[in-house]
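**Student:** Take this structure, written in C-alpha cells, and hold onto it; I'll ask about it next.
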Amino acid sequence: MTGNLNSRFASQILKPGEGPVLGWSLFGGGKKLGGQLKFVDDDLGVQPLVGVRVTGGYSYYWREAHTDKDGKFRIPEKWTFKIDFEANFDSDDFLLEDGHSSYGEDLEIEHNNYKSDWNETFTGDIAKWCVVWTAAYQYWYGDNFGLKRPRQNTWYNWSLDIEVYYKNKKDYENLLPTSGPFIGCGAGESSGMYKAFAGLEEICISTYGKSSRQIYSTTIHEVGHTSHYWNTSESLSDFFDLPYGFRNTYTRGLEYIFQKNRYGSVNLSYIKDYTGIIPDLIDDDSRTADGKKNIDKVKGFSMVDIEKAIFATKSLNEMKTYIKNNYPSGKNGRSYTHSDLDKLFDYWLNI
Numbered sequence: 003m004t005g006n007l008n009s010r011f012a013s014q015i016l017k018p019g020e021g022p023v024l025g026w027s028l029f030g031g032g033k034k035l036g037g038q039l040k041f042v043d044d045d046l047g048v049q050p051l052v053g054v055r056v057t058g059g060y061s062y063y064w065r066e067a068h069t070d071k072d073g074k075f076r077i078p079e080k081w082t083f084k085i086d087f088e089a090n091f092d093s094d095d096f097l098l099e100d101g102h103s104s105y106g107e108d109l110e111i112e113h114n115n116y117k118s119d120w121n122e123t124f125t126g127d128i129a130k131w132c133v134v135w136t137a138a139y140q141y142w143y144g145d146n147f148g149l150k151r152p153r154q155n156t157w158y159n160w161s162l163d164i165e166v167y168y169k170n171k172k173d174y175e176n177l178l179p180t181s182g183p184f185i186g187c188g189a190g191e192s193s194g195m196y197k198a199f200a201g202l203e204e205i206c207i208s209t210y211g212k213s214s215r216q217i218y219s220t221t222i223h224e225v226g227h228t229s230h231y232w233n234t235s236e237s238l239s240d241f242f243d244l245p246y247g248f249r250n251t252y253t254r255g256l257e258y259i260f261q262k263n264r265y266g267s268v269n270l271s272y273i274k275d276y277t278g279i280i281p282d283l284i285d286d287d288s289r290t291a292d293g294k295k296n297i298d299k300v301k302g303f304s305m306v307d308i309e310k311a312i313f314a315t316k317s318l319n320e321m322k323t324y325i326k327n328n329y330p331s332g333k334n335g336r337s338y339t340h341s342d343l344d345k346l347f348d349y350w351l352n353i
C-alpha cells in the first residue's frame, strides 16, 4: 500500500511472462519456491493462468514473478522459512477490482504460511476472475491477430479498472444508468459495461451465473470499446457521438474473432445494433450471420482490414464506402461485388 515493494525491488520486477532472475540467498540456504496456477474453463477444462503477478515473502521482505504461458512461476532467491504467496490480477495497463467493494479493492488470491510450491487449480468465482483476466490479457499482451492494442498506460492516464461482479446480480444491475453524456455501452440484462466520463474510464463485467465463454466474450467486447476510443477519437464526445450500432458492430465482430479462436466455434446473437456485418465480411457462408437470409455473397476480409475501415470512418455507410474504395475484390482473398456489398449492408441496416 505504501509503494515500498516497488521502490525497494524495482530491479527485480519482471515483465509479464518473464522468468525470474537468479537471486542471492539472504540466509545462505533454503530452497527456491514457485508453482503453477491454473483454472477451470467450462468449455475447455483446466487452463493455465497466464501473466498474473505472484509475490512471495513475509513481513517487509518480498520478491515477485509472473506466471508464464503454462501458468508456472518461480519466486527469486532461496527461502529458509515459510512464506506467504499472493496472486495479483494487475498489469501495467489494466487491473481487476472487486465490483462489490466500496473502495475498489483489487482482486487477489492469498496462499499463506507455506514452505512448498504453490500448485493450484481455481474453480468457482475465482475461476471466473481468471477468465476475465485471460481475455483482457490476450487482447493487451497476447495474440490479438494483428489488431490495435487497447489503451496504454502513460504519464497522463493510469491502468484501466475492470470491475468484476461475481457475488450477485443486484450490485451490477444497480450501476449508474448508461444514458447521459459520455456514459455508454451496456445496460439492463447485459453482462458488461464500458463507462467513461470526464476523462475517466472503467469496465464492469458481471460473471454471476455466466459461463466461461460468455465471460470471455463480454470482456473482449468491452475492452474493444476502449481500443476503439483510444485508436480513433480525440475526445470522449467524438467517440460517443458515433452511432451506437456502429460501435457495437465492431465489438461484436471482435467477439466473433476471439471466441472462434479460443473455443473453436461461435455462440453469438446478432440484432440491429449488434449486427453480423463483420462475420459476414470474413466467412464464406452464404447465409447471414443470424442464419435468416441467403444473401451473403461477400467473403475473404481479414479483421485487420475491417478494423482499419472502422477506425477511419464514423458510420456503417461510411465503412461500406471505405471498403469499396480501399479493398478491391480479387486481392488478398477478398471476393465480392459492389452490388453484393450493398445488399449485405442494407440487410443489416434495415433489420
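Numbering (this note's numbering) for the sequence shown: 3 to 353.
Each residue gets a CB set at the ideal place from its N, CA and C atoms; glycine is no exception.
As the structure is a prediction and not an experimental result, all values here were calculated from the model.
Should Val355 and Ala129 be called a contact, given that it needs their Cβ atoms to be closer than 8 angstroms?
**Tutor:** This structure cannot settle anything about residue 355, because the visible part of the chain is limited to 3 through 353.
**Student:** What three-state label does DSSP hand Gly226 in the structure shown?
**Tutor:** Residue numbering aside, residue 226 sits at position 224 when the sequence shown is read from its first letter. Of the three classes helix, strand and coil, the one that applies to Gly226 here is helix, per DSSP.
**Student:** So, using beta-carbon positions, are Asp108 and Glu99 closer together than 8 angstroms?
**Tutor:** Position 106 of the sequence shown holds residue 108. Position 97 of the sequence shown holds residue 99. Yes; because the gap between Cβ atoms is below 8 angstroms, this pair is in contact.
**Student:** Taking all protein chains shown into account, decide if Gln154 is buried (16 or more other Cβ within 10 angstroms of its Cβ) or exposed.
**Tutor:** The residue labelled residue 154 in the question sits at position 152 within the sequence shown. Burial call: exposed.
**Student:** Once you ignore the five residues that flank Asn114 on each side, which residues in its own chain have a CB closer than 8 angstroms to its CB?
**Tutor:** Here residue 114 corresponds to residue number 112 of the sequence shown, with the count starting at 1. Asp86 and Phe87.
**Student:** Quick one: Cα of Glu320 to Cα of His340, how far?
**Tutor:** On the sequence shown, residue 320 is found 318 positions in, with the first residue counted as 1. On the sequence shown, residue 340 is found 338 positions in, with the first residue counted as 1. So the two alpha carbons sit approximately 14 angstroms from each other.
**Student:** Do Ile353 and Lys274 come within 8 angstroms of each other at the CB atom, strictly closer than that value?
**Tutor:** Working through the sequence shown from its first residue, we reach residue 274 at position 272. Working through the sequence shown from its first residue, we reach residue 353 at position 351. Contact flag set, yes.
**Student:** Nearest-angstrom Cα distance between His102 and Lys322?
**Tutor:** Position 100 of the sequence shown, counted from the first residue, corresponds to residue 102. Position 320 of the sequence shown, counted from the first residue, corresponds to residue 322. Approximately 42 angstroms between the Cα atoms of the pair.
**Student:** CB-CB under 6 angstroms to Tyr196, same chain, minus the five flanking residues each way: which ones, in chain order?
**Tutor:** As a position in the sequence shown, residue 196 is number 194, starting the count at 1. Once the five neighbours on either side are set aside, the close Cβ partners of Tyr196 are Cys187, Ile205, Glu224 and His227.
**Student:** What is the rounded straight-line gap between the Cα of Asp163 and the Cα of Asp95?
**Tutor:** Translated into positions along the sequence shown, residue 163 becomes position 161. Translated into positions along the sequence shown, residue 95 becomes position 93. Computed Cα separation, rounded: 9 angstroms.
**Student:** Among Glu165, Lys310 and Ser213, which one has its Cα closest to the Cα of Tyr105?
**Tutor:** Taking the sequence shown and counting its residues from 1, the one referred to as residue 105 is at position 103. It is Glu165 whose Cα lies nearest to the Cα of Tyr105.
**Student:** Which stretch, first to last residue, makes up the beta strand (DSSP E) that contains Lys80?
**Tutor:** Along the sequence shown, read from residue 1 onward, the residue named residue 80 stands at position 78. Element bounds for Lys80: Lys74 to Trp81.
**Student:** What are the start and end residues of the alpha helix (DSSP H) that includes Asn263?
**Tutor:** What you label residue 263 is simply residue 261 of the sequence shown in a count that begins at 1. Unbroken alpha helix (DSSP H) run through Asn263: Tyr246 to Tyr265.
**Student:** Which of helix, strand or coil does DSSP assign to Lys33?
**Tutor:** The residue labelled residue 33 in the question sits at position 31 within the sequence shown. Reduced to three states, the DSSP call for Lys33 is strand.
**Student:** Going by C-alpha to C-alpha distance, which of Ala89, Ser331, Tyr63 and Tyr141 sits closest to Gln261?
**Tutor:** As a position in the sequence shown, residue 261 is number 259, starting the count at 1. Comparing Cα positions, the closest option is Tyr141.
**Student:** What is the residue span of the alpha helix (DSSP H) that Gln410 lies within?
**Tutor:** An answer regarding residue 410 cannot be provided, because it is not within the stretch 3 to 353 covered by the chain.
**Student:** If you pair each beta-carbon of the region 299 to 314 with each one of the region 227 to 243, do three or more pairs fall below 8 angstroms?
**Tutor:** Judged by Cβ distances under 8 angstroms, the region 299 to 314 makes contact with the region 227 to 243, as three or more pairs qualify.
**Student:** Got a sec, what are the start and stop residues for the alpha helix (DSSP H) Ser341 sits in?
**Tutor:** The residue labelled residue 341 in the question sits at position 339 within the sequence shown. Start and end: His340 to Leu351.
**Student:** What's the gap between the Cα of Lys33 and the Cα of Ser118?
**Tutor:** Within the sequence shown, the letter at position 31 stands for residue 33. Within the sequence shown, the letter at position 116 stands for residue 118. If I take the Cα positions, the gap works out to 9 angstroms.
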